[in-house]
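Peer 1: Per numbering that gives the first Met the number 0, residue 0 is the first one in the sequence shown, and the count goes up by one each step.
Before anything else, here's the structure in question.
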Amino acid sequence: MAETLTNAAEFSVSEIAQAVKRTVEDEFGHVRVRGEISGFRGQHSSGHAYFTLKDESASIDAVVWKGNYAKLTFKPEEGLEVIATGRLTTFPRSSKYQIVIDNIEPAGAGALMALLEERKRKLAAEGLFARERKQSLPYLPRVIGVITSPTGAVIRDILHRLADRFPSHVMVWPVRVQGDTCAPEVVNAIEGFNAMVAGGAMPRPDLLIVARGGGSIEDLWGFNEEAVVRAVAASTIPIISAVGHETDTTLIDYVSDMRAPTPTAAAEAAVPVRAELIGYVDDLGGRQRQATRRVTATARDRLRAAVAGLPRASDLVSLQRQQLDHAASNLLGNLRHSVQSLRVRYSRTDSKLTPRLLQGQRQEAAEKLRNLSLRANAGLRKTVDRTRLTFDPRAERLAASVSRLIERKHSQFAGIGPKLSPSALKTELRHAHSVLTPLTARLRASMALNLGEARAALTQSDKLLASLSYKSVLARGYAVIKDDQGNLVQARATLSPGDAVAIEFADGEVGATIAGSPVIKKKPRGQVDSDTQESLF
0 MAETLTNAAE FSVSEIAQAV KRTVEDEFGH VRVRGEISGF RGQHSSGHAY
50 FTLKDESASI DAVVWKGNYA KLTFKPEEGL EVIATGRLTT FPRSSKYQIV
100 IDNIEPAGAG ALMALLEERK RKLAAEGLFA RERKQSLPYL PRVIGVITSP
150 TGAVIRDILH RLADRFPSHV MVWPVRVQGD TCAPEVVNAI EGFNAMVAGG
200 AMPRPDLLIV ARGGGSIEDL WGFNEEAVVR AVAASTIPII SAVGHETDTT
250 LIDYVSDMRA PTPTAAAEAA VPVRAELIGY VDDLGGRQRQ ATRRVTATAR
300 DRLRAAVAGL PRASDLVSLQ RQQLDHAASN LLGNLRHSVQ SLRVRYSRTD
350 SKLTPRLLQG QRQEAAEKLR NLSLRANAGL RKTVDRTRLT FDPRAERLAA
400 SVSRLIERKH SQFAGIGPKL SPSALKTELR HAHSVLTPLT ARLRASMALN
450 LGEARAALTQ SDKLLASLSY KSVLARGYAV IKDDQGNLVQ ARATLSPGDA
500 VAIEFADGEV GATIAGSPVI KKKPRGQVDS DTQESLF
């Protein structure tokens, strides 16, 4: 085959690939490409990021090197329309061209709003915006944590408003409120406050405020990041979001426990007005005192009515007391009368029962018995002698009968002696004494009881007199001042310099002379000099 002759230069594959690479890089050294991000799966393990920029007709591969990715103010998001700034280059091994991106920015507010709505739907589907999971704000937070920029008007407005309403302990966690580091710093601040231990060296906040001023959607985009939303949802400390102006809305507003239109409004929502609380407490105290007085007055009236309807204690026992007094007075007289009667009876009986008298009566009776026996024997003997001759056959029987009759009479008279002994009277006397002894003891006990009650009443009266006496007041360190006439001095205005007075203490009196200047009469109430009126605040 005949060789075709040509003047065209010959290139190897590598040479032509390098030539194309140089041409592309020289021609498109710095370009801005608008397109939709597709195929983004986050950073590669190497730290680089790979995705595709596309539109309706074409697509181009894109790469963000590890060093540039950390510097991006706006990170790539799947489906987001962006404007990528970088340079075109080729990949000789596969004959592909790509853009090496240095910076990414959203392609207008519409793209960001579309991404915001998509992210909002996703997080709402997870229940992060549900009302049930929102926490109640503490009524009087002891410590308030503020997450914002340490410089600028926001922190000054919050601190000033808190100081006006209810001064509280405020802890500020400084963060950047826009830019690529905004979201990580806000997340770190929320997690840092939640990690504090209650009662530790650093007081744990009872409430958090995340705040920044107004701005564009790009400026506020850090508060739309998913990491910030999840950190707020996971916080155990209630959070008030105050990002932007009243018309600005970010995702943190949906997930926070309360959304305030401005940082100043957030401070107002965090604490009540101290002066209003004081007034409210004073009002409640006044109402409570009035209610207490009404209840006390009602109870006092009911008690008085109940007491008025009850009989007096003295009336309840007056009859029994009168009966007791009458019985006590009669008891003493009756006891004395009984003792006197028994004493008289005893003395009478005792005088009759002397042993000598009884012995004389016994001897007299015995003498009478002997005389009677002698007379009877003499008469019988005479009768026997007279009739013996007539009644000889009956003489012996008659003598025996007479003897038996004499013995029977003798035994009858002999039985009278023991009956006349004083033992029966002594028994009766002992019985009377046994009855008299307990009566005497009861009389003594009654007299002792009456004496004890009278002594107790006298002691109580002495104590009452001592408690009402001004001497007891003097014993506690007070003194009584009397003028030269001996009258009590009850007011300083009644004394003048040079007056002689007597000062009475608990242990005696001393004399004194009044010194000093005369008393200046006070102005009537309500006439206060305006120059001396102090501020109520």
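The beta-carbon is built from N, C-alpha and C at its ideal position, and this holds for glycine as well.
For the alpha helix (DSSP H) containing F165, name the first residue and the last one.
Peer 2: Premise fails: F165 is in no alpha helix (DSSP H) and is neither H nor E.
Peer 1: Does the contact criterion of 3 or more C-beta pairs under 8 Å hold for the segment 279-297 versus the segment 249-258?
Peer 2: no
Peer 1: Assess, as a yes-or-no matter, whether the segment 188-203 is touched by the segment 216-224 under the definition of 3 or more beta carbon pairs within less than 8 Å.
Peer 2: no
Peer 1: Measure the alpha-carbon distance for R380 versus L341 and round it to whole angstroms.
Peer 2: Rounded to the nearest angstrom, the gap between the Cα atoms of R380 and L341 is 54 Å.
Peer 1: In the DSSP output, what is A61 paired with across the bridge?
Peer 2: Under DSSP, A61 forms a beta bridge with F50 and I98.
Peer 1: Find the nearest neighbour of T72 within the set D101, V62, R33 and D60, judged by alpha-carbon distance.
Peer 2: D101
Peer 1: Quick one: which unbroken beta strand (DSSP E) runs of 3-plus residues sit fully inside the segment 153-207? Chain order, please.
Peer 2: 168-173
Peer 1: Can you give the Cα-Cα distance for T248 and L219, rounded to whole angstroms?
Peer 2: 9 Å
Peer 1: Should T261 go down as buried or exposed, given a rule of 16 or more other Cβ atoms within 10 Å for buried?
Peer 2: Buried, by the Cβ-count rule.
Peer 1: Nearest-angstrom Cα distance between E35 and S56?
Peer 2: Straight-line Cα distance between these residues: approximately 12 Å.
Peer 1: Going by DSSP, what residues sit across from E104 in a beta bridge?
Peer 2: Paired residue(s): I82.
Peer 1: Can you give the Cα-Cα distance for L330 and L318, rounded to whole angstroms?
Peer 2: 18 Å
Peer 1: What is the rounded straight-line gap between the Cα of P75 and the Cα of I103?
Peer 2: 7 Å
Peer 1: Pick helix, strand or coil for S534, following the three-state DSSP scheme.
Peer 2: Because S534 sits at a pLDDT of 44, beneath the cut-off of 50, its placement in the model cannot be relied upon, and the point is left open.
Peer 1: Could I get the ranges of all uninterrupted alpha helix (DSSP H) runs contained in the segment 229-283, with 4 residues as the minimum, in chain order?
Peer 2: 250-254 and 262-269
Peer 1: Distance, Cα to Cα, S240 vs A69?
Peer 2: 27 Å
Peer 1: Considering A16, what are the terminal residues of the alpha helix (DSSP H) in which it resides?
Peer 2: V12 to E26
Peer 1: Out of V186, G507, G212 and R335, point me to the one whose CA is closest to A230's CA.
Peer 2: V186
Peer 1: Measuring alpha carbon to alpha carbon, tell me which of K53, D54, G38 and V63 ends up nearest H47.
Peer 2: V63
Peer 1: Could you spell out the range, first to last residue, of the beta strand (DSSP E) harbouring A501?
Peer 2: Boundaries of the beta strand (DSSP E) harbouring A501: A499 to F504, taken from the DSSP string.
Peer 1: Assuming M139 and V270 form a contact by the criterion Cβ under 8 Å, report the distance between their Cβ atoms to the nearest whole angstrom.
Peer 2: Checking the displayed sequence, the identity of residue 139 turns out to be Leu instead of Met. About 7 Å; that satisfies the 8 Å criterion.
Peer 1: According to DSSP, simplified to helix, strand and coil, what is H294?
Peer 2: It should be noted that the sequence gives Val, not His, for residue 294. V294 falls in the helix class under three-state DSSP.
Peer 1: CB-CB under 7 Å to S534, same chain, minus the five flanking residues each way: which ones, in chain order?
Peer 2: With a pLDDT of only 44 at S534, under the threshold of 50, the placement of this residue in the model should not be trusted, and no figure is reported.
Peer 1: Thinking S148 and V176 are a contact (beta carbons under 8 Å), I'd like their distance in whole angstroms, please.
Peer 2: 5 Å
Peer 1: Residues bridged to E35 by DSSP?
Peer 2: K53 and E80
Peer 1: In terms of DSSP beta bridges, what is F90 paired with?
Peer 2: K95
Peer 1: If you reduce the DSSP assignment to three classes, tell me which class V142 lands in.
Peer 2: strand
Peer 1: Check the DSSP bridge columns for L487 and list the partner residues they point to.
Peer 2: K481
Peer 1: Evaluate E14 with the Cβ neighbour count: other Cβ atoms within 10 Å of its Cβ, from every protein chain shown; 16 or more gives buried, anything less gives exposed.
Peer 2: exposed
Peer 1: Using the C-alpha atoms, what's the distance from I513 back to S167?
Peer 2: 56 Å
Peer 1: Helix, strand or coil for G507, going by three-state DSSP, please let me know.
Peer 2: strand
Peer 1: Do V169 and V153 count as a contact pair if the criterion is CB distance below 8 Å?
Peer 2: No.
Peer 1: Give the DSSP-derived three-state secondary structure of A7 in the structure shown.
Peer 2: coil
Peer 1: Return the CA-CA distance between Q532 and G497, expressed in angstroms with no decimal places.
Peer 2: Because the pLDDT of Q532 is 47, which lies under 50, any placement of that residue in the model is unreliable, and the number read from its coordinates should be weighed accordingly. Spanning the two alpha carbons is a distance of roughly 35 Å.
Peer 1: Comparing alpha-carbon positions, which option in V479, S234, R292 and E503 lies nearest R132?
Peer 2: S234
Peer 1: Looking at D539: is its Cβ nearer than 8 Å to the Cβ of A499?
Peer 2: Lying before the first or after the last residue shown, residue 539 is absent from the chain, which here runs from 0 to 536.
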